[in-house]
Amino acid sequence: MQIAVGSGKGGTGKTTISTSLALSAGTDVQYLDCDVEEPNGHIFLKPKLTHRETVVVTVPRLDESRCTACGKCRDICAFNAIAQFGKTVMIFPEMCHSCLGCFRVCEEDALIEDTREIGILESGMAGDIHFVHGRVRIGEAMGVPLLKAVKHKAEQDRLTIIDAPPGTSCPFVESVNDADYVILVTEPTPFGLHDLKLAATVLKNFKIPSGVIINRSDLGDDRVQRYCDSENIPVLLEIPFQRAIAEGYARGINLVDTVPELRTVFSDLLTRIAFEVAQ
Amino acid sequence: MEQTIKEVLILSGKGGTGKTSIVGSFAHLAENKILVDCDVDASDLHLLLAPKPTETHDFKSGVKARVEADKCSGCGMCAELCQFESITMGETAVISPLNCEGCGVCAHFCPEEAIVLQENHCGSWYIADTAYGPLVHAQLFAGEENSGKLVSHIKNQARQLAETTNTGLILIDGAPGVGCPVIASLSNVDLAVVITEPTLSGKHDLDRILDLTEHFKIPALVCINKWDLHSEMSDSIEKSCNDRGANVLGKIPFDRQVITCQIQGVPVTADDTSLAGYSIKAIWKKLKEHL
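Which chain is which? The protein sequence lines are A and B, in order.
287 is the number that our numbering gives to position 155 of the first sequence; each next residue is one higher, with no gaps.
60 is the number that our numbering gives to position 31 of the second sequence; each next residue is one higher, with no gaps.
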């Protein structure tokens, strides 16, 4: 079973919830940090990272001795990664989406498969938790292939918790599209509600079952609750603001270590979700 | 003489650090400026500024592939060629628009010419009036990509507007993260202001965003929000910022009044009872000295 934890926007407690779920699940759980731009799960789970690999994408490199400047590679490239000035062909690997179209149209074998590093993937154990995360290279605009590499590490028969990136655009969608259930973490504020609506709309379009956790539930109003009621989205849990939780978070201490009673609450929540997914 | 236009970008590494509340306050405090919200994915600034659109435009970018089922012979070549796992084969090919990157390889090689590429309408952008000046903002449709292009587009629109109205300051609310939309929002910027929180993850995200501003050689200043939730961490962030040449402009205390203001839809600096509001006023004063 795959459970993704999303939020519409960062800062609502997504990592707090996803790491707490992983810590409360018992054995044989996997935690995938799909927020490859700003991975933070390792700060709370403190895994021993024993495996590290560079993630690359395939990009073309020109063999000038073979190129006849026919222009076919430039014509097929939808991303302006290949330009041609007269007889000079130039390749901009950072704009390449690795569709491989240029290789296929080149009749002179003038393109060589080269690679471009987009980031690193690290994995290891955090206690009983199988931990995986990716870190995109700074200045790299294409995080999705790295996110996919993190997701490919998911073991099918293992309970998997996915910490999704913020927002509702392609990285979020890529993180949740195979999930059996998505937990949306929000705050009872106008910003929280607005972003929750966007994320909930995406999930509704995908027909992925979802529920909401309201974090810092006493620091706002009841509009999130009313929205969830009107949309038939279950509110799974409400966590009131506590300075101790905020201070623990600041120090990298996980929620279930700051408030140990919550461990049972989260493990019950996993049971409830498993039941709902099985229906 | 033509006025030089200064672009100030407010970033956070990650959402939820209070960036929009702070940008909303800067919008309240700054005189004669144009506002831009580059968080095209999940923007919130409009909740504070209550913009009234004066112009609404479609944003189209790239293409998406679509199968004309009556022409498709089901040969499966497109599915084999697609590098983005966006084509599945039934009796005919089926393309998932969410995964399609619009590379056009499938259409190029389809022996039956059964795939057409359609321009992709992926969002809207607006020029709006607010109580604090014009706002250029946008909304990308959920699940869409090309947010970097939309960010570049609205930034260009803001610049044109600044030139025609002879406005010297563009105040930009950035997107979260360090990826495509943030990179796009950094172009042409004179100064970046990074909002962070005194937490281990805040420190981690701040380091990554400062790596990014250094990478693009953009001077950066830092504000620590909710500093009193962990004052030692706040000190440690301040020290590490100073060590790497990104000075801390100021610190803002945790203040429940910020949320009350959010609910009322007013900038926190407009509230005379808010401690956070006073700190933001002091920060703005210092920020102006850097412009």
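Beta carbons are placed, not taken as given, at the ideal position from N, Cα and C, and that holds for glycine.
In this text, all values refer to a predicted model and were calculated from it rather than measured experimentally.
First and last residue of the uninterrupted beta strand (DSSP E) at residue i
i: Tyr307 (chain B); result: Taken as a continuous stretch (DSSP letters only), Tyr307 (chain B) belongs to no beta strand (DSSP E), being part of the alpha helix (DSSP H) at 304 to 318.
i: Asn337 (chain A); result: It is not in any beta strand (DSSP E) - Asn337 (chain A) instead sits in the alpha helix (DSSP H) that spans 322 to 338.
i: Met222 (chain A); result: 220 to 223
i: Lys280 (chain B); result: 277 to 281
i: Gln162 (chain A); result: 161 to 165
i: Leu153 (chain B); result: Correcting the residue type first, residue 153 (chain B) is Ser in the shown sequence and not Leu. Segment 144 to 159, the beta strand (DSSP E) holding Ser153 (chain B).
i: Leu200 (chain B); result: 198 to 202
i: Cys252 (chain B); result: 249 to 254
i: Gly249 (chain A); result: For clarity, residue 249 (chain A) is Glu in the given sequence; the question names Gly instead. Here the beta strand (DSSP E) through Glu249 (chain A) covers 243 to 258.
i: Gly343 (chain A); result: 342 to 347
Span of the alpha helix (DSSP H), counted from its first residue to its last, around residue i
i: Pro82 (chain B); result: Looking at the DSSP string, Pro82 (chain B) is not in any alpha helix (DSSP H); the run it does join, the beta strand (DSSP E), is 81 to 96.
i: Asp240 (chain B); result: 229 to 244
i: Gln112 (chain B); result: Segment: none, Gln112 (chain B) is in no alpha helix (DSSP H) and carries neither H nor E.
i: Glu192 (chain B); result: 176 to 193
i: Cys209 (chain B); result: 209 to 215
i: His174 (chain A); result: 173 to 177
Rounded C-alpha distance that separates residue i from residue j
i: Ala154 (chain A); j: His233 (chain B); result: 21 angstroms
i: Leu383 (chain A); j: Gly206 (chain B); result: In the sequence under discussion, the amino acid at residue 383 (chain A) is Arg, which differs from the Leu named in the question. When rounded, the distance between both Cα atoms is 21 angstroms.
i: Leu177 (chain A); j: Leu77 (chain B); result: 36 angstroms
i: Phe217 (chain A); j: Glu196 (chain A); result: 14 angstroms
i: Ser90 (chain B); j: Asp99 (chain B); result: 27 angstroms
i: Thr300 (chain A); j: Ser139 (chain A); result: 9 angstroms
i: Ile371 (chain A); j: Asn254 (chain B); result: 22 angstroms
i: Thr193 (chain B); j: Asp158 (chain B); result: 16 angstroms
i: Trp326 (chain B); j: Arg348 (chain A); result: What the structure shows of chain B is the stretch from 30 to 320, and residue 326 (chain B) is not part of that stretch, so it cannot be assessed.
i: Glu174 (chain B); j: Val134 (chain B); result: 18 angstroms
i: Cys231 (chain A); j: Ile223 (chain A); result: 14 angstroms
i: Val391 (chain A); j: Gly145 (chain A); result: 15 angstroms
i: Val218 (chain B); j: Cys67 (chain B); result: 13 angstroms
i: Asn128 (chain B); j: Lys43 (chain B); result: 25 angstroms
i: Asp9 (chain B); j: Pro225 (chain A); result: Nothing can be reported for residue 9 (chain B): it is not among the residues displayed for chain B, which extend from 30 to 320.
i: Leu413 (chain A); j: Gly256 (chain A); result: As displayed, chain A neither begins before 133 nor continues past 411, which places residue 413 (chain A) out of reach and without an answer.
i: Ile39 (chain B); j: Gln291 (chain B); result: 18 angstroms
i: Val188 (chain A); j: Cys228 (chain A); result: 12 angstroms
i: Tyr307 (chain B); j: Thr298 (chain B); result: 7 angstroms
i: Ile247 (chain B); j: Thr292 (chain A); result: 40 angstroms
i: Ile34 (chain B); j: Thr302 (chain B); result: 34 angstroms
i: Leu241 (chain B); j: Leu215 (chain B); result: 9 angstroms
i: Pro140 (chain B); j: Gly271 (chain A); result: 39 angstroms
i: Phe263 (chain A); j: Gln112 (chain B); result: 27 angstroms
Short Cβ contact (7 angstroms threshold) for residue i with residue j
i: Ile345 (chain A); j: Leu369 (chain A); result: yes
i: Leu278 (chain B); j: Phe55 (chain B); result: no
i: Pro277 (chain A); j: Ile250 (chain A); result: yes
i: Gly105 (chain B); j: Gly142 (chain A); result: no
i: Ile51 (chain B); j: Pro163 (chain B); result: no
i: Glu169 (chain A); j: Gly208 (chain B); result: yes
i: Tyr381 (chain A); j: Ile261 (chain A); result: no
i: Glu306 (chain A); j: Leu335 (chain A); result: no
i: Leu190 (chain B); j: Val69 (chain B); result: no
i: Ala296 (chain A); j: Val282 (chain A); result: no
i: Cys132 (chain B); j: Gly275 (chain A); result: no
i: Ala108 (chain B); j: Leu146 (chain B); result: no
i: Val92 (chain B); j: Glu148 (chain B); result: yes
Sequence-distant residues of the same chain with beta carbon closer than 6 angstroms to residue i, five excluded per side
i: Trp154 (chain B); result: His86, Phe88, Ala167, Ile183
i: Pro210 (chain B); result: Ser176, Gly177, Val180, Ala204
i: Phe235 (chain A); result: Leu243
i: Leu351 (chain A); result: Phe373
i: Ser399 (chain A); result: Ser156
i: Val191 (chain A); result: Pro225, Cys228, Asp246, Arg248
i: Val37 (chain B); result: Leu200, Leu220
i: Ser125 (chain B); result: Ser115
Neighbourhood of residue i by C-beta distance below 8 angstroms, restricted to the same chain and skipping five residues each side
i: Met30 (chain B); result: For Met30 (chain B), the predicted model reports a pLDDT of 46, less than 50, meaning its position is unreliable and no value from the coordinates is stated.
i: Val409 (chain A); result: Met133, Asp312, Tyr313, Pro341
i: Pro386 (chain A); result: In the sequence as displayed, the identity of residue 386 (chain A) is Asn instead of Pro. Within the same chain, Asn386 (chain A) has close Cβ partners Thr148, Thr151, Ser152, Leu155, Phe176, Leu177, Gly380.
i: Thr318 (chain A); result: Ser139, Gly140, Thr144, Gly324, Leu325, Asp327, Leu328, Val344, Ile345, Ile346, Asn347, Val356
Residues of its chain near residue i, where Cβ-Cβ distance is below 7 angstroms and the 5 sequence neighbours each way are ignored
i: Cys238 (chain A); result: Lys204, Cys205
i: Thr83 (chain B); result: Ile156, Ala157, Asp158
i: Ile309 (chain B); result: Ile51, Ser54, Ile281, Val297, Thr298
Residue-level contact to chain E via CB, residue i, 7 angstroms cutoff
i: Asp353 (chain A); result: Among the chains of the structure shown, chain E does not appear; the protein chains present are A and B.
TODO: Pair every Cβ in the segment 279 to 287 of chain B with every Cβ in the segment 323 to 343 of chain A, then say whether three or more of these pairs are closer than 8 angstroms.
DONE: Of all C-beta pairs linking the segment 279 to 287 of chain B to the segment 323 to 343 of chain A, fewer than three are shorter than 8 angstroms, placing the two stretches out of contact.
Task: Three or more C-beta pairs below 8 angstroms linking the segment 319 to 338 of chain A and the segment 353 to 366 of chain A - done: Yes: at least three Cβ pairs fall under 8 angstroms.
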